[in-house]
Every structure is written in structure tokens, then in C-alpha cells.
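Some notes on the structure that comes next.
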Amino acid sequence: MVFAYAILYHIYGDVFCSIAENLLYIILGQVITGSWDKTLKCWDPRGASGQERSLIGTYTQPERVYSMSLVGNRLVVATAGRHVNVYDLRNMSQPEQRRESSLKYQTRCVRCYPNGTGYALSSVEGRVAMEFFDLSEAGQSKKYAFKCHRKTEAGKDIVYPVNAIAFHPIYGTFATGGCDGYVNVWDGDNKKEYPKYPTSIAALSFNRDGRLLAVASSYTYEDGDKPHALDAIFVRSVNEVEVKPKPKVLSNPAA
């Protein structure tokens, strides 16, 4: 079982480097953190007191860690510079796969599919890429990307960063949250849009049975320092019809 916690710190020289939201995981009694000091660290919280004595391993990353996600024994780490490292927790000596994001711009969030076959990755340019771990030609032919969290005003496209992705634990559909203040639930080409929240969506999480969705509404400074709504966490009930995949309509075979 995996639990996401709030903020910890890596000590980097005399500087405390904050660990970005959702970058701390506990699995099999081990804590995994990623930081802007360009490292991934594994900790044993059950060990003797003292920072270094509980540190199991440090793994240098190519850039600052922006987002992480875990499914089974696979850990996906997304960093600045559009790097994506895929680790097997049973052998952390080096990444199982070293990838580059298929999206052109900075990564905001990565989340693994509940079935363990791949991950979704979002960027600041209002796009989400659906990726697969299988590197064969057949496996890679399944990947795709789509646009979201954007609108048109006065003939111009306005594009918002996609800060958050959360998969429904039962149905595998997923929600995205953007700087436009909207949460969208996706099932292939079908989209359900919830009413707008006061400011940017910073984080999303379904509860264990998928009946509740926690929405962190918090300005993420995408437009610099300016007046904004107060930070808030909303917990909304989720109706099955909002997240259950719609049945596919099969065309009649040609006579």
C-alpha cells in the first residue's frame, strides 16, 4: 500500500530543498522522496534516530525532481529537462528505462496506470501523454497524447498547465486538474467537466473506493505574484456515472 504525505526536506549544503507536492511515498516500510536537489532518496523510518542512519540510498537524477508515481515494483520519476526515469524497486542501482517526455514542454505531473502497463504525463502546455512501459513496436503503437485545459478567446487559444492527474481506483478512468480551475474526468474521448474551482488545481486524489475526490485549489503562480483566492481543499462525492467507462458502440459488420 502506498501513502502520499506532504512536505519533507533534503539538506543540500546549507540549503533546505523542499520536496514538491506528492513526492513522498511509503511502500513496504520504506520512504521514497524526490527533491529539487536532483536526488531520489530511500529511507527506513524504523531505523535508529538520526538522518543519515535512516538513509538507505541516494540516487542522482538528471535534473530537479518534479513528480513521481509508483505502481507495483515500478517507480516513475519525472524531472526538469523532460527526463523520465523508470526504476524497479528491487534493483535501484540504475533506471530500468531512461526516457524523454514525448511532450515538448515542462512536465507537471506523472501518474502510473492502475493496471501497471504505463503512465500518464502532463505538461505546462495543456496536454497529457499516455505512455506504455512495453518498448516493443506493438507496445509503443498504443501511446498517444491529447489537448485539454484550454479555451479560445477573441480568436486566440489560451492554454493552461495541467498540474494534476488522478486515476480512479476501480474503473481506471482519470481526472485532470489545470490552472484554469477546472477538473475534468476522462474516459477515452468522453469528458466530464466539474464546476470551476476558485483558482488553479494543484493536486487531486481519489479515496480508496473512488467515491470521494479531494481537490486542492491553490494558485500555482503561473502568472507570477498577483491577488488570488485563498488556498482550499474540497472533498466532493463522486457519482458512479461520472467515472464509469461508457460502453463502446460496435458497428454492424458489413454484409
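In this note's numbering, the protein residues as written are 181 to 435. Built from N, CA and C at the ideal position, the CB exists for glycine as well. Small disclaimer: the values here were computed from a predicted structure and weren't measured.
| Query | Result |
| --- | --- |
| Excluding five sequence neighbours on each side, which residues of the same chain lie with their C-beta closer than 6 Å to the C-beta of Lys372? | Val365 and Glu422 |
| Can you look up Val423 in the DSSP assignment and give me helix, strand or coil? | helix |
| What separation, rounded to the nearest whole angstrom, lies between the Cα atoms of Ile345 and Val418? | 16 Å |
| Can you grab the Cα-Cα spacing for the pair Gly252 / Asp314, in whole Å? | 15 Å |
| Leaving out the 5 sequence neighbours to the left and right, which residues in its chain are closer than 6 Å to Leu393 when beta-carbon positions are compared? | Phe386, Arg416 and Val418 |
| Between the stretch 303-321 and the stretch 278-293, do three or more beta carbon pairs fall short of 8 Å? | yes |
| Just the C-alpha distance for Lys221 and Glu276, rounded to the nearest angstrom, thanks. | 17 Å |
| Going straight from the alpha carbon of Leu250 to that of Val256, what length do you get? | 6 Å |
| Is it the case that the Cβ atoms of Leu384 and Gly357 are separated by a distance below 8 Å? | yes |
| When DSSP builds the beta bridges, which residues end up paired with Thr371? | Checking the sequence shown, residue 371 turns out to be Lys, not Thr. Note: Lys371 sits in a beta bridge opposite Trp366. |
| Quick check on Leu301: buried or exposed, where buried means 16 or more other Cβ atoms within 10 Å of its Cβ? | buried |
| Rounded to the nearest angstrom, what separates His408 and Thr379 at their Cα positions? | 7 Å |
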